[in-house]
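One line per chain: the protein sequences are X and S, in this order.
For the first sequence, counting from 1, position 57 maps to 88 in our numbering; every step adds exactly one.
For the second sequence, counting from 1, position 371 maps to 402 in our numbering; every step adds exactly one.
Reading through the structure tokens given below for one structure.
Number of protein chains: 2
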Amino acid sequence: MRLSKTFIKTLRTAPKDETATNGALLTRAGYIHKEMAGVYDYLPLGLLTIEKIKNIIREELNAIGCEEVLMSALQNPELWEATGRFSDQEVDIWFKTELSAGGVLGLAPTHEEPMVEMMKNYVSSYKDLPLYVYQFQTKFRNELRAKSGIMRGREFLMKDLYSFHTSEEDLDEFYGKVEGAYKKIFERLGLGDSTYETFASGGIFAKFSHEYQTILPVGEDTIYYNKDKSLVLNKEVFTPEVLADFGVDAKDFTETRGAEVGNIFKLKFKYSEPLGLKYATEDNKSEFVYMGCYGIGVSRVMGVIAEKFADDKGLVWPEAVAPFKYYLVGIGEDGTRKTEGIYAEHKDEILFDDRDVRPGEKFADSELMGIPQRIVISDKTLASGGAEVTNRATGETKIVDLKELFV
Amino acid sequence: MRLSKTFIKTLRTAPKDETATNGALLTRAGYIHKEMAGVYDYLPLGLLTIEKIKNIIREELNAIGCEEVLMSALQNPELWEATGRFSDQEVDIWFKTELSAGGVLGLAPTHEEPMVEMMKNYVSSYKDLPLYVYQFQTKFRNELRAKSGIMRGREFLMKDLYSFHTSEEDLDEFYGKVEGAYKKIFERLGLGDSTYETFASGGIFAKFSHEYQTILPVGEDTIYYNKDKSLVLNKEVFTPEVLADFGVDAKDFTETRGAEVGNIFKLKFKYSEPLGLKYATEDNKSEFVYMGCYGIGVSRVMGVIAEKFADDKGLVWPEAVAPFKYYLVGIGEDGTRKTEGIYAEHKDEILFDDRDVRPGEKFADSELMGIPQRIVISDKTLASGGAEVTNRATGETKIVDLKELFV
Chain X
32 MRLSKTFIKT LRTAPKDETA TNGALLTRAG YIHKEMAGVY DYLPLGLLTI
82 EKIKNIIREE LNAIGCEEVL MSALQNPELW EATGRFSDQE VDIWFKTELS
132 AGGVLGLAPT HEEPMVEMMK NYVSSYKDLP LYVYQFQTKF RNELRAKSGI
182 MRGREFLMKD LYSFHTSEED LDEFYGKVEG AYKKIFERLG LGDSTYETFA
232 SGGIFAKFSH EYQTILPVGE DTIYYNKDKS LVLNKEVFTP EVLADFGVDA
282 KDFTETRGAE VGNIFKLKFK YSEPLGLKYA TEDNKSEFVY MGCYGIGVSR
332 VMGVIAEKFA DDKGLVWPEA VAPFKYYLVG IGEDGTRKTE GIYAEHKDEI
382 LFDDRDVRPG EKFADSELMG IPQRIVISDK TLASGGAEVT NRATGETKIV
432 DLKELFV
Chain S
32 MRLSKTFIKT LRTAPKDETA TNGALLTRAG YIHKEMAGVY DYLPLGLLTI
82 EKIKNIIREE LNAIGCEEVL MSALQNPELW EATGRFSDQE VDIWFKTELS
132 AGGVLGLAPT HEEPMVEMMK NYVSSYKDLP LYVYQFQTKF RNELRAKSGI
182 MRGREFLMKD LYSFHTSEED LDEFYGKVEG AYKKIFERLG LGDSTYETFA
232 SGGIFAKFSH EYQTILPVGE DTIYYNKDKS LVLNKEVFTP EVLADFGVDA
282 KDFTETRGAE VGNIFKLKFK YSEPLGLKYA TEDNKSEFVY MGCYGIGVSR
332 VMGVIAEKFA DDKGLVWPEA VAPFKYYLVG IGEDGTRKTE GIYAEHKDEI
382 LFDDRDVRPG EKFADSELMG IPQRIVISDK TLASGGAEVT NRATGETKIV
432 DLKELFV
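Structure below.
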């Protein structure tokens, strides 16, 4: 991408009401634009980052046999009334609207109900199971407050996966596979070292659910971890009873803050029973389908990564999610000519700062935008033997022969 | 994709309230699932088709310098009040909702207002222009009736492009480029022969706008075309006055039905003026930005293609938008073994019917699903010299040497 051709500019200031670091930096660096609290637009660089995050998740889910769909935001209340979740007393984050033809609709905050209802068309026999269906979908949640940038959206992108099984054993086995996939996903996203599978409240159908918590000072959750971080507990289950269950002592745990980037949950019959999702067993008995659900907040993950790695100069993207791997700057006649040649051959990997502005401004923008490697070519670098390559995360600089740049 | 592994099944019947051919066939073939009138989910094959349509549009827009973003559905009324478009009297298809923190929000039926407001951050000088910004975004329109399957959605996917210019000449020039891009897009979508740029009412700011109408018996518009189809007029401008303007005679025109798949519109200052999108000229005068907007209904296009090419056996996809190019069936031990080998090498192009069902059921499903080429390998076809390849559109069948299948 040529910066001279894009409409994006880095901005000196973020909106006055933007209190979150991720929101302010992503806005200033030209990744997002704020519509209102918790509602953001994704600009070209932001959309590229979102797509990279989605593709990492997609690859790992497809690898364990999951299938991608896309469901609607508009919701028929009937299904949600069957599970008791349409009432504002039960679920207090609904956006509701009126159909002009008559009747109330909801904007889906999650998709268990329509997913189960849809699967009634496709599941009839044990032979049809197991099934694993996911989507990347824009969810709507009518949050009273939304002050965490893209880490807490009223409109946000989520990956939600639902699994369907004939037995608890089969559910358990697939649940384990998702744990494996999530481990790979958070590693590839650059959050592997700081993201922990955390025990959280399981609601009324299971003792625990699992959250994926990324350690982050501005995270909304309080979590406790033991010395080797082999056991991490959300505050809501950090009770004497639970600690006794695990045979551990509260004094061996350290309190910290976490941002929940994912969660996985054994639903069992919670939705299949009220909505009547059944299958015929081998001996032709009619049984409810076992279910699990597995979320990752895609736009939240982008906010967490932004927040976690940022420094005083701006964003610092891990390579796998950066919109471009290289930020290219030419200085002087020779440098500019050589960068044009390099850009022509590696367009997809390069954010090319071909603007008519001072090198210092280009360097500052490359840092604010957080592109992993900056390549500068000038008379000086050429005299030193090639291009100057600077690593955004470490600040390390080296001279690289032009022929070695993309090998 | 292996049919034995996907949750999709072809269905014998569509929902009782599904009156549109596209909706019924796409449902029966496992591409979509109906949530309510005008609201559909996209199943794996449907999502693949949508993505192919998006990619064709994306490629042609990127080729003329457009940049992709993604804006929010939730809308702050303020911007729309500035243009007079928040009132239900002016725009009667709003879905509105209440923010729990207080205040009414709208769900965007289109995006001129937020787009213009956002660009105020990025446009200040003539040097910043022209700019071309588009998105693929889910629109919400509170239609009183929605009986046309995915051809008229209450929630639907649209590509909307907005252009920003310093002069009417520059707007005109870019408008011409979009006309060129649209011609290529509809050709690549398989609709080139049947889609015409059509004069329609321009509202109060221009004499005409242009619609792209695909000739279709169930289309919602009445259009008139002359003998060589060099002039096509929407009924709304098929008036004695307009005919006189063009120097043509009503009797030389034929009436037919069209489905509007796209539209392009010179907005000039319609939104930049009330919202205050201005730029500084070379001699530092402050002027309003000229604008154009350019839509294509992505999910509608999918419905139109489904509707247009369907026959009594089911869907018939043009190759460029088919979820898979080949439908593969093995019969008998040798045939099955050979299809497994072929599938392993060409997974991305093949919908592999490896289910344990009769060949006749597989053939019927391949036709219902509308996959362009069916490859059957059996003892009989092997004895004849290879695989039997059947063209879904023409019904033409030939024997192809296995080595020649994917060359």
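Ideal Cβ placement from N, Cα and C applies to all residues, glycine included.
Cβ neighbours of residue i in the same chain (closer than 7 angstroms, five flanking residues each side left out)
i: S:V279; result: N257, L262
i: S:F269; result: Y255
i: X:Y374; result: L359, I381, F383
i: S:A337; result: N53, L56, L57, L346
i: X:W111; result: F117, G137, E144
Among the options, nearest to residue i - alpha-carbon criterion
i: X:R405; options: X:G366, X:F383, X:H377, X:Y358; result: X:Y358
i: S:F205; options: S:F296, S:L306, S:G391; result: S:F296
i: X:D432; options: X:A424, X:T412, X:T425; result: X:T412
i: X:E148; options: X:T169, X:E91, X:N107, X:A94; result: X:N107
i: S:E313; options: S:G372, S:T197, S:E143; result: S:T197
i: X:G285; options: X:D259, X:Y310, X:A275; result: A small fix is needed here, since residue 285 of chain X is Thr in this sequence, not Gly. Answer by Cα proximity: X:D259.
i: S:E66; options: S:P46, S:N152, S:S118; result: S:P46
i: X:R116; options: X:A104, X:E98, X:C97, X:T141; result: X:T141
i: X:E174; options: X:Q166, X:R185, X:Q168, X:I408; result: X:R185
i: S:E210; options: S:I327, S:G307, S:A275; result: S:I327
i: X:N86; options: X:G417, X:A414, X:Q166; result: X:Q166
i: X:G334; options: X:E291, X:I216, X:D201; result: X:E291
i: S:A104; options: S:K393, S:L92, S:T169; result: S:T169
i: S:T367; options: S:A395, S:D342, S:A418; result: S:A418
i: S:E376; options: S:L436, S:A139, S:K301, S:E304; result: S:L436
i: X:N93; options: S:M32, S:T287, S:L308, S:M182; result: S:M32
i: S:W125; options: X:V122, X:E121, X:I124, X:S131; result: X:S131
i: X:K299; options: X:V352, X:S317, X:G233; result: X:G233
Those residues which DSSP pairs with residue i across a bridge
i: S:A418; result: S:V431
i: S:V360; result: S:V407
i: S:Y73; result: X:L101, S:I63
i: S:N294; result: S:E242, S:G326
i: S:K170; result: S:F187
i: S:L192; result: S:Y165, S:Y325
i: S:L382; result: S:Y358
i: S:Q106; result: S:G137
i: S:E129; result: S:V135
i: X:R176; result: Answer by DSSP bridge pairing: none, since X:R176 is not bridged.
i: S:T50; result: DSSP output for S:T50 lists no bridge partner at all.
i: S:V263; result: S:Y256
i: S:T229; result: S:E242
Close-in-space but distant-in-sequence residues of the same chain around residue i (CB under 6 angstroms, 5 per side omitted)
i: X:P354; result: L76, L79, T80
i: X:S179; result: A51
i: S:T386; result: According to the sequence displayed, residue 386 of chain S carries Arg and not Thr. Excluding sequence neighbours, S:R386 sits near L34, S35.
i: S:T128; result: L136
i: X:L399; result: T41, A60, G345
i: X:E98; result: V164
i: S:D95; result: At residue 95 of chain S the sequence reads Ile, which differs from the Asp that was named. Here the set comprises K208, A212.
i: X:K369; result: I408
Proximity test, residue i beta-carbon vs the ligand GDP heavy atom, cut-off 7 angstroms
i: X:M102; result: You won't find the ligand GDP in this model; it holds no ligand whatsoever.
Contacts that residue i makes with chain A (C-beta to C-beta distance below 9 angstroms)
i: S:F437; result: Here the protein chains are X and S, and chain A is not one of them.
Neighbourhood of residue i by C-beta, 8 angstroms cutoff - its chain only, sequence neighbours within 5 removed
i: X:F340; result: G221, L346, V347, W348, P349, G401, A424
i: S:T428; result: E419, V420, T421, N422
i: X:G307; result: K151
Decide yes or no for the touch test of the stretch 358 to 370 of chain S against the stretch 65 to 79 of chain S: beta carbon pairs closer than 8 angstroms, at least 3 of them. When Cβ pairs closer than 8 angstroms are counted between the two stretches, the stretch 358 to 370 of chain S is seen not to touch the stretch 65 to 79 of chain S, the count staying below three.
Taking Cβ-Cβ distances below 7 angstroms as the criterion, which residues of the stretch 47 to 78 of chain X are in contact with chain S? Those would be H64, E66, M67, V70, Y71, D72, Y73, L74, P75, L78, in chain order.
Report yes or no: do the stretch 119 to 137 of chain S and the stretch 62 to 70 of chain S share at least 3 C-beta pairs separated by less than 8 angstroms? The stretch 119 to 137 of chain S is not in contact with the stretch 62 to 70 of chain S.
Please list the residues of the stretch 78 to 107 of chain X that have a C-beta atom closer than 8 angstroms to any C-beta atom in chain S, keeping them in chain order. Of all residues in the stretch 78 to 107 of chain X, L78, I81, G96, E98, E99, V100, L101, M102, S103, A104, L105, Q106, N107 have a Cβ within less than 8 angstroms of some Cβ in chain S.
By the 8 angstroms beta-carbon criterion, what residues does the stretch 158 to 180 of chain S contribute toward chain X? Cβ contacts with chain X come from D159, L162, V164, T169, F171, N173, E174, L175, R176.
For the 8 angstroms Cβ check, are there 3 or more pairs between the stretch 149 to 166 of chain X and the stretch 33 to 44 of chain X? Judged by Cβ distances under 8 angstroms, the stretch 149 to 166 of chain X makes no contact with the stretch 33 to 44 of chain X, as fewer than three pairs qualify.
Just checking, does the stretch 191 to 198 of chain S make contact with the stretch 216 to 234 of chain S on the three C-beta pairs under 8 angstroms criterion? Fewer than three Cβ pairs drawn from the stretch 191 to 198 of chain S and the stretch 216 to 234 of chain S lie within less than 8 angstroms of each other, which leaves the two stretches out of contact.
Scan the stretch 184 to 198 of chain S for residues whose Cβ lies nearer than 7 angstroms to a Cβ of chain X and list them as they occur along the chain. Along the stretch 184 to 198 of chain S, the positions whose C-beta sits under 7 angstroms from a C-beta of chain X are R185, E186, read in chain order.
Would you list, in chain order, the members of the stretch 106 to 132 of chain X that have their beta-carbon closer than 7 angstroms to a beta-carbon of chain S? Listed by position along the chain: N107, F126, K127, T128, L130, S131, A132.
Using a beta-carbon distance cut-off of less than 7 angstroms, what residues from the stretch 242 to 253 of chain S approach chain X? Within the stretch 242 to 253 of chain S, no residue places its CB atom closer than 7 angstroms to a CB of chain X.
If you measure beta-carbon to beta-carbon, which residues of the stretch 348 to 373 of chain X are closer than 8 angstroms to chain S? So nothing in the stretch comes that close.
Please list, in chain order, the residues of the stretch 306 to 327 of chain X that have any C-beta partner in chain S closer than 9 angstroms. Taking 9 angstroms as the Cβ-Cβ cut-off against chain S, none of the residues of the stretch 306 to 327 of chain X qualify.
Under 7 angstroms (Cβ pairs) to chain S, residues found in the stretch 290 to 304 of chain X: For the stretch 290 to 304 of chain X, which is checked against every Cβ of chain S, not one residue is closer than 7 angstroms.
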